[in-house]
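**Q** Residue numbers (our numbering), protein chains in the order written: chain R, 1 to 350; chain P, 1001 to 1417.
(1) Helix, strand or coil, according to DSSP, for residue 250 (chain R) in the structure here?
(2) How would you write the range of the alpha helix (DSSP H) that residue 1317 (chain P) sits in, first residue to last?
(3) Look up residue 1113 (chain P) in the DSSP assignment and say whether it is helix, strand or coil.
(4) Could you check if residue 1302 (chain P) is buried or exposed, using at least 16 other CB atoms within 10 Å of its CB as the buried criterion?
(5) Under 9 Å, do residue 1242 (chain P) and residue 1308 (chain P) count as touching if we go by C-beta distance?
(6) Quick check: the Cα distance between residue 57 (chain R) and residue 1095 (chain P), rounded to an integer number of angstroms?
(7) Does any C-beta atom of chain P lie closer than 9 Å to the C-beta of residue 20 (chain R)?
(8) So, is residue 41 (chain R) buried or exposed, given that buried needs 16 or more other C-beta atoms within 10 angstroms?
(9) Tell whether a beta-carbon distance below 9 Å holds between residue 1231 (chain P) and residue 93 (chain R).
(10) Leaving out five residues on either side along the sequence, give the residues of the same chain with a beta carbon under 7 Å from the beta carbon of residue 1332 (chain P).
(11) Any idea which residues DSSP pairs residue 41 (chain R) with across the strands?
(12) Can you list, in chain order, the residues of its chain whose CB lies under 7 Å from that of residue 1039 (chain P), leaving out five sequence neighbours each side?
(13) Enumerate, from N- to C-terminal direction, the unbroken beta strand (DSSP E) stretches of 3 or more residues contained entirely within the segment 1022–1068 of chain P.
(14) What are the complete beta strand (DSSP E) segments, minimum 3 residues, inside the segment 220–308 of chain R?
(15) Give the range of the beta strand (DSSP E) segment to which residue 1391 (chain P) is assigned.
(16) Do you know offhand how far residue 1334 (chain P)'s Cα is from residue 1328 (chain P)'s?
(17) Please work out which residues of its chain come closer than 8 Å, Cβ to Cβ, to residue 1336 (chain P), disregarding the five sequence neighbours upstream and downstream, and give them in chain order.
(18) Starting from residue 13 (chain R), trace the beta strand (DSSP E) in both directions and tell me its first and last residue.
(19) For residue 221 (chain R) versus residue 299 (chain R), is the C-beta distance shorter than 9 Å?
(20) Find the residues of chain P that neighbour residue 253 (chain R), judging by a C-beta separation of less than 7 Å, and give them in chain order.
(21) Under 9 Å, do residue 82 (chain R) and residue 46 (chain R) count as touching if we go by C-beta distance?
(22) For the beta strand (DSSP E) containing residue 71 (chain R), name the first residue and the last one.
(23) Quick one, which of P:1413, P:1102, P:1136 has its alpha-carbon nearest residue 1117 (chain P)'s?
(24) What separation, rounded to the nearest whole angstrom, lies between the Cα atoms of residue 170 (chain R) and residue 240 (chain R)?
(25) When you compare only the Cα positions, how much space is there between residue 159 (chain R) and residue 328 (chain R)?
(26) Roughly how many angstroms separate the alpha carbons of residue 1421 (chain P) and residue 1110 (chain P), rounded to a whole number?
(27) Where do the N-terminal and C-terminal ends of the beta strand (DSSP E) with residue 1282 (chain P) fall, by residue?
(28) Measure from the C-beta of residue 329 (chain R) to each C-beta in chain P and report whether the shortest distance is under 9 Å.
(29) Taking the alpha carbon of residue 1311 (chain P) as the point to measure from, which residue in P:1292, P:1321, P:1282 has its own alpha carbon closest?
(30) Would you give the residue range spanned by the beta strand (DSSP E) that residue 164 (chain R) belongs to?
(31) When you compare each of R:318, R:245, R:164, R:242 to residue 208 (chain R) by their alpha carbons, which one comes out closest?
(32) Where do the ends of the alpha helix (DSSP H) carrying residue 1405 (chain P) lie?
(33) What residue does the alpha helix (DSSP H) around residue 214 (chain R) start on, and which one ends it?
(34) Would you say residue 1057 (chain P) reaches chain R, if we count a Cβ-Cβ gap shorter than 9 Å as a contact?
(35) Using a C-beta cutoff of 9 Å, does residue 268 (chain R) count as contacting chain P?
(36) Considering residue 53 (chain R), what are the terminal residues of the alpha helix (DSSP H) in which it resides?
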């Protein structure tokens, strides 16, 4: 068991993953909005070049540098960063290894593309390294590859009160977080490998929580359970399991078709709608809700708190995103589960 | 700073719900495509989590049961789907799928893509045994084989080439190859990967690494730049990684030969008249945005697009198509307002029926609203992409993991919206 980070007002790192298509970007964005209480700054990172955050917030594609994008539900600020391997590597070379000129030469001969694509372990550590740097940075520090000591260790307020990482999907999350031995094999002895162990310590500390987003369907649930095992087995601190797009069964009292037809006849609709078709639709909905309920039971096997987010009809827009963020703000396993480092406050929300 | 604003989905839906849908007869005639013996390859492409594997399997089952000799190449199928198809990961040769109706003379084989095995096969076929063994032991080789962005896609293409060659030679019982594509963050990867891998192997940096090969280096970069680059790489990556990479590059060079030519040949095969792409998507914004990129790319690469398949589409019962979400919601609200007032009448069933009717109309309003929003999204996507046939595959409860449900999905695909 690696040593946890020192006690203190540690910034929280929330890693959000899930099977593709489960809505993890939406959950990550809602979580960032929820964590941005009054006076707080929250960084929302995406690493897959999908520009999902920008799309969700109705913004132009985000640049590979920190950009204020939204006001949180508690009045704080959400800053977004689309982490991108090329600029991450250049930043490393330039500021961390002081390889400014060599960095340019590397870029010129295509070595940057080479490094970031031939060795995915390295690409991932570059991306996670950018997140690591943002977590440790002090409010007064310049953005970049950072100094030797974390802001907490210097007793300084961190640049971000929380960092939310919209991580790759569950199928790649283990590799992405460098859980396997791949990286040490690949870059043994190199300075990037050296930093990898510091990143690993942060990821395994109580300052980090990995949340798993799932749908209440068989495949996502199976993948979620597998990922939970893999991540917990690697010593990572699991946060909440988010059951996304939960539907509710129609609350019917069981009136017969005749009575229903009379009631519908008085509904003001002309022609009166087909009772059997309406009942069939409600029956399908009830069946779906029942299947979700049984998957919900299966999800408990992750042995993590399961929180539910409702299905938003027809998808998400900005208004609904904030409604979702309000819901998320009330879900303690998500916003507060990893708040173990003693900072206590999750911001002031009324 | 303030909250960003954009029109709410609600508003959009009101408009689209009142606009009659786009020509719904612009079907893609799946069955005609499958029955045409000239159709030899169908590629199901799309972003992750949209049901590509299921779509590929359903198309394959349908084609086989309509009389075609079919092989389906799946990538990472769910355990139960793999079971239904009678395949297991690591099996090199396609296996016959049990339970398929072959009464029309068709057959179905299935295989799971094993990118590592395909690459190993290429290495073994092109290098003397000792060199092949050395290359396979190179630590960077393992990384390239398993996770180099593009390897999976390239190996899928390579495998499709093999399956097609088997079909042409008459050595295999199939004449139609249905392909699922690897899960990638971007739907474009499958198309871009071979060229990217080619560019990489023929690139300046790789030329620079081929020290001792004695070719092209002087033209590519000066010795001074080379020195700086090598020193920087050693510093950043650690020295042994670089020598591993150099060794790997020398080996792969032999394996792939003129790689770009090979990639071009693969792309040309996909652009031929016997091939068609099926773009698979869900009705969600993210997936649709990816599909738009993919449709653009297919068009600009002159690759034939057979259809856009929208999975998990919401839909209302046919008998209720004329009742839009807004009117259903208003009626539900009227009934809800009335229900308490009638409670004093003492007619419990009538009161219950009014409440139930309100719930039923509410369920319908939800469905109709969702369907209208999704339809609007798909129409907005198609507006920029000319005449693309669309198949809306309705949401189904439960997973698709046996032949019965695969047949049902096939029906949905053939029906179109």
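Glycine is no exception: its CB is placed at the ideal position from the N, C-alpha and C atoms.
**A** If we stick to the structure as given:
(1) coil
(2) From DSSP, residue 1317 (chain P) is part of no alpha helix (DSSP H); its letter is neither H nor E.
(3) coil
(4) exposed
(5) no
(6) 47 Å
(7) yes
(8) buried
(9) no
(10) 1358, 1361, 1362, 1365
(11) R:77
(12) 1033, 1176, 1274, 1276
(13) 1041–1045
(14) 238–246
(15) 1390–1394
(16) 10 Å
(17) 1355, 1358
(18) 12–18
(19) yes
(20) 1352, 1355, 1356
(21) yes
(22) 67–71
(23) P:1136
(24) 14 Å
(25) 23 Å
(26) Nothing in the structure corresponds to residue 1421 (chain P), since chain P is present only between 1001 and 1417.
(27) 1275–1282
(28) no
(29) P:1282
(30) 162–166
(31) R:164
(32) 1403–1415
(33) First-last for residue 214 (chain R): 208–215, but that is the beta strand (DSSP E), not the alpha helix (DSSP H).
(34) no
(35) yes
(36) 52–57
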